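Asker: Note that numbering that gives the first Met the number 0 gives residue 91 to position 92 of the sequence shown, counting from 1, and the numbers run on in steps of one. The beta-carbon is built from N, C-alpha and C at its ideal position, and this holds for glycine as well. These figures come from a predicted structure and were not determined experimentally.
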Amino acid sequence: MAMYWKEITVNWGESDPFGLVYYPRIVAWFNDTEHELFRVIGYPIEHMIKNDRTTFVMGEIHFRFIGPAAYGDRIVNTITLAEVGARTLHWNCKAKNAVTGAPVSEGKATRVYARINEDGSLSSQPIPVEMLTALQELGNLTHLKPNSGATRLGADR
0 MAMYWKEITV
10 NWGESDPFGL
20 VYYPRIVAWF
30 NDTEHELFRV
40 IGYPIEHMIK
50 NDRTTFVMGE
60 IHFRFIGPAA
70 YGDRIVNTIT
80 LAEVGARTLH
90 WNCKAKNAVT
100 GAPVSEGKAT
110 RVYARINEDG
120 SLSSQPIPVE
130 MLTALQELGN
140 LTHLKPNSGA
150 TRLGADR
């Protein structure tokens, strides 16, 4: 299944003085990571809303705090597609300190693909086959080109 990660910096005000990250910020970190994934596979959320009047909305979320993250800390957010329904995506989400590897939070999020109706209400819709294919290709890494030469790993730098 598809997996995507994004590294962020904890901004001022996202956690208290003890490193407890405020719940809405944890949700926002994963939301931003998911939106970036959709940009990478060619389905920017803002274009979906503007051009197709579709988007993914939160169906259910659950996140829990595990460890501290203070102002300036680098955090790696990872989302892994755990299950795909006809109209839903189910994500496993984890955040860890990029330097120490210490866990910061984890959770699950269910997204529902929906059409934005003229009156502003939402109607769930089947996820387009092309989008599902792009997510599957991301998981299989088939979108990456073959290595064109030697790479320099961390120990070689």
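Starting from the N-terminal side, write out each stretch of the beta strand (DSSP E) that is 3 residues or longer and does not extend beyond the segment 63-88.
Answerer: 73-83
Asker: Between the beta-carbon of residue 79 and the beta-carbon of residue 0, is there less than 8 angstroms?
Answerer: yes
Asker: Under the rule that 16 or more other beta-carbon atoms within 10 Å means buried, what is residue 128, buried or exposed?
Answerer: Label assigned to residue 128: exposed.
Asker: If I follow the unbroken alpha helix (DSSP H) through residue 52, where does it start and stop?
Answerer: Counting along the chain, residue 52 falls outside any alpha helix (DSSP H), and DSSP gives it neither H nor E.
Asker: Can the beta-carbon of residue 133 be found closer than 8 angstroms to that of residue 71?
Answerer: no
Asker: Identify the residues that DSSP records as bridge partners of residue 132: which are they?
Answerer: Residue 132 is not bridged to any residue.
Asker: Please report the distance separating the alpha-carbon of residue 94 from that of residue 48.
Answerer: Residue 94 and residue 48: Cα-Cα distance of roughly 28 angstroms.
Asker: Label residue 56 either buried or exposed according to how many other C-beta atoms from any shown protein chain fall within 10 Å of its C-beta, with 16 as the threshold for buried.
Answerer: exposed
Asker: Let me confirm a value: residue 64 is counted as buried when at least 16 other C-beta atoms fall within 10 Å, else exposed. Which label applies?
Answerer: With 16 or more other Cβ atoms within 10 Å, it is buried.
Asker: Report the CB separation of residue 4 from residue 99 in whole angstroms; it is logged as a contact under 8 angstroms.
Answerer: So it is not a contact: roughly 16 angstroms between Cβ atoms.
Asker: Looking at the structure shown, is residue 102 part of a helix, part of a strand, or coil, going by DSSP?
Answerer: Looking at residue 102 - three-state DSSP - the assignment turns out to be strand.
Asker: Less than 8 angstroms separating the beta-carbons of residue 68 and residue 9?
Answerer: yes
Asker: Report buried or exposed for residue 29, applying the criterion of at least 16 other Cβ atoms within 10 angstroms of its Cβ.
Answerer: buried
Asker: Let's see if you can read the secondary structure: which residues bound the beta strand (DSSP E) around residue 3?
Answerer: 2-8
Asker: Find the nearest neighbour of residue 51 within the set 105, 137, 113, judged by alpha-carbon distance.
Answerer: 113
Asker: Which residues in the same chain as residue 13 place their Cβ atom closer than 7 angstroms to its Cβ, once the five residues preceding and following it in sequence are excluded?
Answerer: Here the set comprises 20, 21, 24.
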